[in-house]
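S.K.: Below are the structure tokens for one structure; questions will follow.
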Amino acid sequence: MKISIVIPVYNTEKYLKECVDSVRNQTYKNLQIILVDDGAKDSSPEICDKYAAKDSRIKVCHKENGGLSDARNKGIELSEGEYILFLDSDDYWDDIQLVQKLVDAIENQPVDVLNFRYKKYLEDEKVFISCLNSTGKIEGAHKEEVLEKMLDYGLYISSACNKMIKLSFLKENQLYFKRGITSEDIDWCARILIRCNTIGYCNEEAYVYRQREHSISHSLTYKNILDLSNNVKECVSLGMNIPKDSKFYGLYHDFAAYQYGTLLLSNHLVKDQRVKKIMKDMKRYQWLLKYHRNKKIKMQYYVKSVVGYSNLLRLLKLYCKVRNY
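Residues in the sequence shown are numbered consecutively from 1, following my numbering.
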């Protein structure tokens with residue numbers, strides 16, 4: 001079974017070698033490694049070409065800058081494997097057996113989407129932080145059964161990088177990333193959730209998500225909040241096609257509610273008066289909070305039930321100040 005790994009590359013010369021080496025050194029060797037140079041201005045393109053010259057599994061695509069979504073989409077188009085993995089070029093895998101373990105899990109129980117865990121690396125503090133709960137095997141023959149268990153543990157998240165996905169499933173359903181937006185993984189993961197027939201989980205925590213001082217998560221802007229709000233709206237719009245009497249309807253909206261709760265919390269991190277207008281508009285989506293398998297969303301739901309939407313926002317703002325977000 002060939003596995004394609006798509007690595008979008010943009011101005012990450014400092015981290016690129018560690019990233020690519022973590023893939024090349026995998027014990028599972030039947031790989032196609034696609035480095036998509038998204039118009040990088042540093043030495044990243046030359047590093048990519050040097051790797052391609054010494055490893056025949058590596059394919060380099062040089063293109064004009066189009067953003068992360070565009071680079072990933074190009075990687076999907078160039079992929080030839082049965083399954084595909086995404087890895088950002090400033091991140092890396094810290095287990096050389098990761099792909100082998102994922103392949104073993106797929107061969108044991110084939111699924112459209114196999115989820116796994118990740119950890120954060122705080123670069124300034126040089127500290128690793130586990131991000132998802134560790135649990136044993138999550139088994140089940142039905143999509144709803146597995147998804148329910150994953151949501152109970154908080155294991156289905158809006159990230160492209162913690163999923164191994166059947167390539168034919170992606171292409172047949174035209175599951176490409178939307179260009180020109182931030183938080184692009186939310187809409188993409190929502191569409192995947194709706195379209196997939198089978199879903200699985202592997203309790204591996206080998207993906208290392210590097211938190212840099214100047215990364216997107218540390219420099220939120222008005223556009224981040226606008227795009228996040230639009231992604232929540234899109235999630236709700238996609239959910240309208242799900243039968244309301246189905247179990248999946250509630251499970252899907254648990255996922256959407258988490259994105260909404262993230263918006264309610266993170267909007268306070270952007271000092272822009274236009275954000276207030278967004279949050280006023282997002283009041284009409286407060287009904288999402290009733291889908292609260294997640295403990296944080298449950299807290300927001302009960303606080304909102306007691307003090308109302310506006311006071312919930314005020315309390316979350318105070319919470320951000322206390323926690324020094």
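Note that CB positions come from ideal geometry on N, CA and C, so glycine has one too.
Among Tyr249, Lys321 and Gln109, which has the Cα closest to the Cα of Ala190?
M.R.: As a first step, residue 190 must be located in the sequence shown, where it is residue number 190. When the alpha-carbon of Ala190 is set against those of Tyr249, Lys321 and Gln109, the nearest one is in Tyr249.
S.K.: If you scan the region 118-166 from start to end, which runs of the alpha helix (DSSP H) of 4 or more residues do you find wholly inside it?
M.R.: 143-152
S.K.: When DSSP builds the beta bridges, which residues end up paired with Cys61?
M.R.: Position 61 of the sequence shown holds residue 61. Answer is Val36, bridged to Cys61.
S.K.: Just to check my reading of the structure: Ile47 and Ile5 have Cβ atoms closer than 8 Å, yes? What is that Cβ distance to the nearest angstrom?
M.R.: Here residue 47 is taken as the residue at index 47 of the sequence shown, counted from 1. Here residue 5 is taken as the residue at index 5 of the sequence shown, counted from 1. About 16 Å separates the two Cβ atoms, so there is no contact after all.
S.K.: If we call anything under 7 Å between Cβ atoms a contact, is Leu98 one with Ile106?
M.R.: Position 98 of the sequence shown holds residue 98. Position 106 of the sequence shown holds residue 106. Not a contact, by the Cβ cut-off of 7 Å.
S.K.: Any contact of the region 131-141 with the region 55-70, i.e. 3+ C-beta pairs under 8 Å?
M.R.: no
S.K.: With C-beta atoms as the reference, is Gly200 less than 7 Å away from Val111?
M.R.: As a first step, residue 200 is located in the sequence shown; it is residue number 200 there, counting from the start. As a first step, residue 111 is located in the sequence shown; it is residue number 111 there, counting from the start. Result yes, Cβ atoms of Gly200 and Val111 sit closer than 7 Å.
S.K.: Considering only the alpha carbon of each residue, which of Arg274, Ala206, Lys247 and Tyr258 lies closest to Ser22?
M.R.: To locate residue 22, count along the sequence shown from 1; it is residue 22. The candidate whose alpha carbon is nearest that of Ser22 is Ala206.
S.K.: Note down, one range per segment and in chain order, each alpha helix (DSSP H) of at least 4 residues found wholly within the region 247-273.
M.R.: 247-266
S.K.: Go ahead and label Ser183 buried or exposed: buried means 16 or more other beta carbons lie within 10 angstroms of its beta carbon, across all protein chains shown.
M.R.: Start at 1 with the first residue of the sequence shown, and residue 183 comes out as number 183. With 16 or more Cβ atoms within 10 Å of its Cβ, Ser183 is classed as buried.
S.K.: Can you tell me which of the three DSSP states Ser89 falls into?
M.R.: Position 89 of the sequence shown, counted from the start, is the residue given in the question as residue 89. Residue state, collapsed to three classes: coil.
S.K.: From the DSSP output, in three-state form, read off Tyr176 for me.
M.R.: In the sequence shown, counting from the first residue as 1, residue 176 sits at position 176. Tyr176 falls in the coil class under three-state DSSP.
S.K.: For Tyr309, I'd like the list of residues in its chain whose CB is within less than 8 Å of its CB, leaving aside the five on either flank, ordered along the chain.
M.R.: As a working mapping, residue 309 is identified with position 309 in the sequence shown. The residues are Lys283 and Gln286.
S.K.: On the three-state DSSP scale, how would you describe Val20?
M.R.: As a working mapping, residue 20 is identified with position 20 in the sequence shown. Three-state DSSP puts Val20 in a helix.
S.K.: Helix, strand or coil for Ile84? Go by DSSP, reduced to three states.
M.R.: Against the sequence shown, residue 84 aligns to sequence position 84. Three-state result, Ile84: strand.
S.K.: Using only CA atoms, which one of Asp281, Met279 and Lys304 lies nearest to Leu289?
M.R.: As a working mapping, residue 289 is identified with position 289 in the sequence shown. Among Asp281, Met279 and Lys304, the Cα nearest to that of Leu289 belongs to Lys304.
S.K.: Between His292, Lys233, Lys2 and Pro45, which lies nearest to Gly81 when the distance is taken from Cα to Cα?
M.R.: Against the sequence shown, residue 81 aligns to sequence position 81. Here the closest residue by C-alpha is Lys2.
S.K.: Provide the residue span of the beta strand (DSSP E) that contains Arg210, from first to last.
M.R.: Residue numbering aside, residue 210 sits at position 210 when the sequence shown is read from its first letter. Segment Tyr207 to Gln211, the beta strand (DSSP E) holding Arg210.
S.K.: Within 8 Å, do at least three Cβ pairs link the region 58-71 to the region 37-44?
M.R.: yes
S.K.: Shortest alpha-carbon distance to Thr198 belongs to which of Glu145, Val127 and Glu125?
M.R.: In the sequence shown, residue 198 corresponds to position 198, counting from 1. Checked all of Glu145, Val127 and Glu125; the closest Cα to Thr198 is Glu145.
S.K.: Which residue marks the beginning of the alpha helix (DSSP H) containing Ile106, and which one marks its end?
M.R.: Within the sequence shown, the letter at position 106 stands for residue 106. Residues Leu98 to Asn108.
S.K.: Starting from the Cα of Tyr153, find the closest Cα among Lys296, Gln26 and Leu263 and give me that residue.
M.R.: Within the sequence shown, the letter at position 153 stands for residue 153. Closest option to Tyr153, Cα to Cα, is Lys296.
S.K.: Between the beta-carbon of Ile194 and the beta-carbon of Leu238, is there less than 7 Å?
M.R.: In the sequence shown, the residue the question calls residue 194 occupies position 194. In the sequence shown, the residue the question calls residue 238 occupies position 238. Yes, they are a contact pair.
S.K.: Given this structure, state the Cα-to-Cα distance separating Ser168 from Tyr15, to the nearest angstrom.
M.R.: Within the sequence shown, the letter at position 168 stands for residue 168. Within the sequence shown, the letter at position 15 stands for residue 15. If you take the alpha carbons of Ser168 and Tyr15, they lie about 31 Å apart.
S.K.: Across which residues does DSSP place Gly200 in a beta bridge pair?
M.R.: Numbered from 1 along the sequence shown, position 200 holds the residue referred to as residue 200. Per DSSP, Leu114.
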